[in-house]
Amino acid sequence: MRKLDGRLAILSMLVVVLMVTGGLVSGGTYLSLFNLQSMATQVPEIGLLAIGVMLAMCAGNGGIDLSGIALANLAGVASGLVMTQFIPVYDAPWLFTLCFTLGAVVVGILGGLLNGLIISRLGITPILCTLGTQMLFTGLAVVFSDGRSVTIGSPDPMYELGNGVIMGVPYSFLIFLAVALVLGAVLRFTPFGMRLMLTGANARAADYSGFAKRRIFTVTYTLSGALAGLAGVIIAARNVNVKWDYGTSYLLIAILVAVMAGVRPEGGSGRIVCVVLSAIVLQLLSSLLNFIGLSNFVRDFAWGALLLAFLAVGRFQLIERLAAGIASGITSARVPRASKG
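Letter by letter, the sequence shown follows residues 0 to 340 in numbering that gives the first Met the number 0.
Dropping the structure here:
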């Protein structure tokens, strides 16, 4: 816990440093309300996928979910094709938005359940299973859409969901925070959360404790699929259409967010608040690189290099030592010293 508190402090400092740097580089434009809202609108897509990656990693067993963005695209394509055929987009905008959202989340749940059952019942390694389902979901999305983008339209509720704001804060960002808050509470205060972390930290101890590990894996990957489905909804709402190959770099970025947040690839450790801050840090950095004028290709290279750097540094536990030092300082500051005499 102390290491994670230190990681939280590091990420918080990075948020401040990037905002100050961006403000200085852009002459204040970086910190304008419009740009802050634009950045906040882009965080939920990556953030939801990154939480899904975190859940899979925390479960251990070499856990990771490589199918997230493919499932998000499939959820948007499938729900969009069905709902636009049976519900008038502009004549019944609220019904359409509600049904589209439910349809996409259901597709996500089914895809995540498929991952969970293959991993838990057949004993397939998560990385191989989700790599296979990634290709399966992408292929289904291509077949359903004939390789073309599926236009969803922009009825008012759908537009507000993806681009609207309330009191200056995007609706999609508030939805992301609400989901993160609920899942954070689930991981911290429920038996499922405790069992998930214990299974990832020590699978043998979990066996001796009598946990139903198969059920934990199934529920974990189903939750990851539901998050992918919700990400597909936000992608569709923000872009007015969905396409089978949207967000080709999102998988790498989602993994990077999870690793930056201190989620151990071996399992058993991770906090959702750190994932939220990590997603914000990466979005701040991405926008800063935009202001500097770097191309998307350079940014993709930067994300890959950054991921390798964090994995290498984590291998030697340098960040953990720094985080532990910061956390120790925070703890010492909280404990009052006994007065002399």
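Ideal placement from N, C-alpha and C gives every residue a C-beta, glycine not left out.
Bridge partners of Val241 according to DSSP: Val149. The Cβ-Cβ distance between Gly192 and Val272 does not fall below 8 Å.
As summarised for the stretch 33-80, there are no continuous beta strand (DSSP E) elements at least 3 residues long confined to that stretch.
Ala304 counts as exposed, since fewer than 16 other C-beta atoms from the protein chains shown sit within 10 angstroms of its C-beta.
The beta carbons of Ala278 and Val19 sit no closer together than 8 Å. For the alpha helix (DSSP H) assignment, the uninterrupted runs of no fewer than 4 residues enclosed by the stretch 225-273 are, from N- to C-terminal side, 249-259. Met157 counts as buried, since no fewer than 16 other beta carbons sit within 10 angstroms of its beta carbon.
Taken in chain order, the complete alpha helix (DSSP H) segments of 4 or more residues contained in the stretch 92-151 are 92-121 and 125-144.
If you look at Gly167, you'll find it isn't in any alpha helix (DSSP H); DSSP assigns it neither H nor E. The criterion of a C-beta distance shorter than 8 Å is not satisfied by Ile63 and Leu48.
Boundaries for Asn201: no alpha helix (DSSP H) harbours it, and the DSSP string shows neither H nor E there.
The beta carbon of Arg213 sits closer than 8 Å to those of Ser119 and Arg120, all from its chain and outside the five residues before and after it, given in chain order. The three-state secondary structure of Phe210, taken from DSSP, is coil.
Scanning Ser248, Val274 and Leu251 for the CA closest to the CA of Ala257 turns up Val274. Under the criterion of beta carbons closer than 8 Å, Leu281 and Leu255 qualify as touching, at roughly 7 Å. Your pair Ala103 and Gly228 checks out as a contact, with CB atoms roughly 5 Å apart and the cut at 8 Å. In this structure, Met38 is the residue among Val178, Met38 and Ser144 with its C-alpha nearest to the C-alpha of Gly21. The Cβ atoms of Gly107 and Ala74 lie closer than 8 Å to each other. By the 16-neighbour rule on beta-carbons within 10 angstroms, Thr124 is exposed. DSSP places Thr189 in the coil class of the three-state scheme, outside both helix and strand. With contacts defined by Cβ atoms closer than 8 Å, Ala179 and Ile50 form a contacting pair. Nearest neighbour of Ala177 by Cα position, chosen from Trp93, Val241, Phe143 and Leu226, turns out to be Leu226. Under the DSSP assignment, Gly27 falls outside any alpha helix (DSSP H); it carries neither an H nor an E label. Sequence-distant partners of Val24 (beyond 5 residues in either direction) whose C-beta falls short of 8 Å from its own C-beta, in its chain, are Leu287, Phe290 and Ile291.
Taking all protein chains shown into account, Ala211 has fewer than 16 neighbouring C-beta atoms within 10 Å of its C-beta and is therefore exposed.
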